[in-house]
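First to last, the sequence lines map onto chains S and Y.
Going by this note's numbering, the first residue of the first sequence is number 1, and it counts up by one from there.
Going by this note's numbering, the first residue of the second sequence is number 330, and it counts up by one from there.
Working notes for the structure below.
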Amino acid sequence: MKRNFGFPLVAGVAMVLGALALPHAMSTPYYIHLLTLALIWIVLAQGQNLTQGFVGYVSIAQAGFMGIGAYASTLLTVNFGFSVWMTLFLAPLFTGFAALLAGYPSLRVKGHYFSIVTLAYNMVIFIVLMTFSALTGGEAGIPNVPRPSELNLFGHVFSFEGRSNLNYYALALFCAALVTGLCAMVLHSRVGRVMLAIRQNEDLAEAMGVITSRYKLFAFVLSSMLAGLAGTLYAHYIGFLNPEPFGVDQSLNVILAVILGGSGTLMGPIVGAVSVTFLPEILRFADSFRLITYGLILVVATIFLPKGLVPLAMGLWRRLRSHAPSPKA
Amino acid sequence: MVLGRSPRACPGTAQALCRSSAQQGFIAMIEFLQQVLNGLAIGSVYTLVALGLTVVFGILGIAHFAHGSLAMFGGYLTFVFSTTMGIPFFAAIALAMPVGAIMGMLIERLAYRPVRDAPHINAFIIALGLTMMIEGGNLLMFGADQVIIQTPYQQVFEFGGLFVSQLRLVVFITAVSLVALVTVLLLKTKTGKSVRAVAQNRHAAVLMGVNVNFVSSVVFAISSALGVAAGALIGALLALAPGVGESFAVKGFAVLILGGLGSLPGAILGGLVLGVSESLAAGFLSSAYKDVISFLVMILVLLVMPQGLLGKK
Numbered sequence: 001m002k003r004n005f006g007f008p009l010v011a012g013v014a015m016v017l018g019a020l021a022l023p024h025a026m027s028t029p030y031y032i033h034l035l036t037l038a039l040i041w042i043v044l045a046q047g048q049n050l051t052q053g054f055v056g057y058v059s060i061a062q063a064g065f066m067g068i069g070a071y072a073s074t075l076l077t078v079n080f081g082f083s084v085w086m087t088l089f090l091a092p093l094f095t096g097f098a099a100l101l102a103g104y105p106s107l108r109v110k111g112h113y114f115s116i117v118t119l120a121y122n123m124v125i126f127i128v129l130m131t132f133s134a135l136t137g138g139e140a141g142i143p144n145v146p147r148p149s150e151l152n153l154f155g156h157v158f159s160f161e162g163r164s165n166l167n168y169y170a171l172a173l174f175c176a177a178l179v180t181g182l183c184a185m186v187l188h189s190r191v192g193r194v195m196l197a198i199r200q201n202e203d204l205a206e207a208m209g210v211i212t213s214r215y216k217l218f219a220f221v222l223s224s225m226l227a228g229l230a231g232t233l234y235a236h237y238i239g240f241l242n243p244e245p246f247g248v249d250q251s252l253n254v255i256l257a258v259i260l261g262g263s264g265t266l267m268g269p270i271v272g273a274v275s276v277t278f279l280p281e282i283l284r285f286a287d288s289f290r291l292i293t294y295g296l297i298l299v300v301a302t303i304f305l306p307k308g309l310v311p312l313a314m315g316l317w318r319r320l321r322s323h324a325p326s327p328k329a
Numbered sequence: 330m331v332l333g334r335s336p337r338a339c340p341g342t343a344q345a346l347c348r349s350s351a352q353q354g355f356i357a358m359i360e361f362l363q364q365v366l367n368g369l370a371i372g373s374v375y376t377l378v379a380l381g382l383t384v385v386f387g388i389l390g391i392a393h394f395a396h397g398s399l400a401m402f403g404g405y406l407t408f409v410f411s412t413t414m415g416i417p418f419f420a421a422i423a424l425a426m427p428v429g430a431i432m433g434m435l436i437e438r439l440a441y442r443p444v445r446d447a448p449h450i451n452a453f454i455i456a457l458g459l460t461m462m463i464e465g466g467n468l469l470m471f472g473a474d475q476v477i478i479q480t481p482y483q484q485v486f487e488f489g490g491l492f493v494s495q496l497r498l499v500v501f502i503t504a505v506s507l508v509a510l511v512t513v514l515l516l517k518t519k520t521g522k523s524v525r526a527v528a529q530n531r532h533a534a535v536l537m538g539v540n541v542n543f544v545s546s547v548v549f550a551i552s553s554a555l556g557v558a559a560g561a562l563i564g565a566l567l568a569l570a571p572g573v574g575e576s577f578a579v580k581g582f583a584v585l586i587l588g589g590l591g592s593l594p595g596a597i598l599g600g601l602v603l604g605v606s607e608s609l610a611a612g613f614l615s616s617a618y619k620d621v622i623s624f625l626v627m628i629l630v631l632l633v634m635p636q637g638l639l640g641k642k
């Protein structure tokens, strides 16, 4: 099957340019804040999609690994004076290392049990963040997490201080685009094809001589590194760090984002991440019902819309252009 | 337990004399046994949770993660019946169990049955959605404050230096009786036979005239009723609070992993092992990290014997 890479590339560049222009069309700074969070969530959800969408293993530790990245970066900058630009690389690497240690035993179990073990990881991470106050500050958290230092690029000086900072928005956008590009590369590589094969039939893939555990571990580690990157971006954006956003609930929200958008697609996590970030704003009238509503959306979407919004929209689009050549995304 | 440590007190200068090494060894032994005894009570509740999970998983292949939250709902319901309405503890549990059974049947019918033929991962994601819904419902109905079910079993018995609280004893006996009851139900009745038939070979069972829909309903009813009872026991022994259900569901699955998937004796042994190791960890290492340690035990078992303690290779 021949693939046409031209169209996705043009569409991607157009989307990035559109996203870069979007804040200028916004009148309220609050929306810029939300959009920045949505971009960070795209990084998180793309990572989740690597395991959940490509390999078919639902990890419930994404928020936990996000927490590891966030705390690693914060502690390195606050206690050891590292530059945020350095920790943007170091923190994901550290998270990846933690995921390597955690993934090895957990990938010995298949299917649901893997999910349960990862959930246990998330609980462990949360308990440690809460209890090990000497290092993490416990529930009270760490105040004054620094923003990245000024960046001098081609004679222009970009500052990252202040709320609803457009330069930070651009940084998050850059990361989200980079991560999406990376996931596209993985998906279209041999490794990506093996990952899809594992999702479709792991036993068959093993019978064909694929050492599936390596590919699963690769996906898990890469996924966690992206979570670590998201955590780093989050910590230095919000400026205050406590364990609350890294609990199991948040991991469930990431799963919701991937399912809602469309798991296994590249656009799905983007749509899902934006939806999940803006959903609380739409549901603000029903704040105490939020957990119930999220759960209901997850159940209903899985029953009636198991492929997610993006494949649904693409299917409709193809039906409109009835002379579409091949029904393969 | 603070009570168990009381023999440690030695007066002033006599301390060096009275703490001969043999005596210290004896005290350590007593303390160890005390923690094991304490662990057995909570371990029996873990077994109860795991039993509900294992029947659902064995028969329908669903990792019913919402089981823990449903158990919490049952615990809260028992609290309302017993503390607010003044119904005796066991009568309150007996009233709450049918409510749980009906909820379980509804969950099976409305949420799981539509995805029965879809990939298993869908059912699991639905389980996560149900968890969010039930947790949200609990929060809305019963609030975020910690709740403890008051029981009349407040005595403490002593056997040669070991202290056994009446409450732990009652919890242990209740859990063991329920586990035994369900085992007999599964092994001796005709419905139990059809349940096991579906677990062994679904298609063959259908061909033999077993009504799979009926079996699914029965399994969910039993499992959820057990969950409700477990929630009530947890509420009496520890406390009910948001998030506790999720942690108990994870521990239930940890028990299954420990014991070996689909093994009933494994679930029983696994529950007790988890409870005891957690209690020992809390007593000798750190109570703040007891959950961490119990999960580490699970991960260690996965590393050393992935098939579980009693599982088939």
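Cβ atoms here follow ideal geometry from the backbone N, Cα and C, with glycine treated the same way.
All values derive from a computational prediction rather than experimental measurement.
Taking only beta-carbon positions, decide if residue 271 of chain S is within less than 7 Å of chain Y. no
With distances taken between CB atoms, is the gap from residue 230 of chain S to residue 86 of chain S smaller than 7 Å? no
From the DSSP output, read off the bridge partner residues of residue 139 of chain S. Answer by DSSP bridge pairing: none, since residue 139 of chain S is not bridged.
The ligand GTP and residue 235 of chain S: does the residue's C-beta get closer than 6 Å to at least one heavy atom of that ligand? Questions concerning the ligand GTP fall outside what the structure shown contains, since it holds no ligand whatsoever.
In chain Y, which residues lie with their C-beta within 7 Å of the C-beta of residue 311 of chain S? Here the premise fails: no neighbours, minimum Cβ distance about 15 Å.
Limits of the alpha helix (DSSP H) - the one that residue 487 of chain Y falls within: It is not in any alpha helix (DSSP H) - residue 487 of chain Y instead sits in the beta strand (DSSP E) that spans 485-488.
Can you tell which of S:72, S:321, S:170 and S:296 has the C-alpha that lies nearest to the C-alpha of residue 466 of chain Y? S:296
Candidates S:218, S:147 and S:197: closest to residue 209 of chain S by CA position: S:197
Output needed for residue 628 of chain Y: all residues of its chain with C-beta closer than 7 Å, excluding positions within five of it in sequence on either side, in chain order. none
7 Å Cβ cutoff met for residue 459 of chain Y and residue 440 of chain Y: yes
Bridge partners of residue 494 of chain Y, per DSSP? Y:485
Please classify residue 122 of chain S as buried or exposed, where buried requires at least 16 neighbouring CB atoms within 10 angstroms. buried
For chain Y, find out if any of its Cβ atoms is closer than 7 Å to the Cβ of residue 108 of chain S; answer yes or no. yes
Give the straight-line distance between the Cα atoms of residue 287 of chain S and residue 232 of chain S, rounded to the nearest whole angstrom. 28 Å
DSSP three-state label for residue 566 of chain Y, please. helix
Which stretch, first to last residue, makes up the beta strand (DSSP E) that contains residue 109 of chain S? Unbroken run through residue 109 of chain S: none, as it is neither H nor E.
How would you label residue 156 of chain S, buried or exposed, when you count the other beta carbons within 10 angstroms and need 16 or more for buried? exposed
Check each candidate in S:293, S:269 and S:266 and name the one with the smallest Cα separation from residue 279 of chain S. S:293
What residue range is occupied by the uninterrupted alpha helix (DSSP H) comprising residue 194 of chain S? 190-200
Between residue 620 of chain Y and chain S, is any beta-carbon pair separated by less than 7 Å? yes
Suppose you measure from the CA of residue 402 of chain Y to the CA of residue 431 of chain Y; what does that come to, to the nearest Å? 13 Å
Taking Cβ positions only, does residue 521 of chain Y come closer than 7 Å to chain S? no
C-alpha distance - residue 92 of chain S paired with residue 69 of chain S, whole-angstrom precision: 6 Å
Give me the chain Y residues within the contact set of residue 217 of chain S, using Cβ-Cβ distance strictly less than 8 Å, ordered along the chain. Chain Y residues near residue 217 of chain S: none, gap ~14 Å exceeds 8 Å.
Return helix, strand or coil for residue 156 of chain S, following the three-state DSSP convention. strand
When the Cα atoms are used, what is the spatial distance from residue 490 of chain Y to residue 483 of chain Y? 19 Å
From residue 547 of chain Y to residue 555 of chain Y, what distance separates their C-alpha atoms? 12 Å
How would you list, in chain order, the residues of chain S whose beta-carbon sits under 7 Å from the beta-carbon of residue 586 of chain Y? 109 and 113
Do residue 276 of chain S and residue 301 of chain S have their C-beta atoms within less than 7 Å of each other? no
Any C-beta of chain Y sitting closer than 7 Å to the C-beta of residue 205 of chain S? no
Which of the three DSSP states is assigned to residue 590 of chain Y in this structure? coil
C-alpha distance - residue 521 of chain Y paired with residue 218 of chain S, whole-angstrom precision: 44 Å
Going by other Cβ atoms of all chains shown within 10 Å of its Cβ, with 16 needed for buried, is residue 195 of chain S buried or exposed? buried
Would you mind reading off the limits of the alpha helix (DSSP H) that contains residue 281 of chain S? 267-282
Check whether the region 486-502 of chain Y and the region 138-145 of chain S are in contact - that is, three or more C-beta pairs closer than 8 Å. no
How far does the alpha helix (DSSP H) with residue 30 of chain S in it reach, from first residue to last? 29-49
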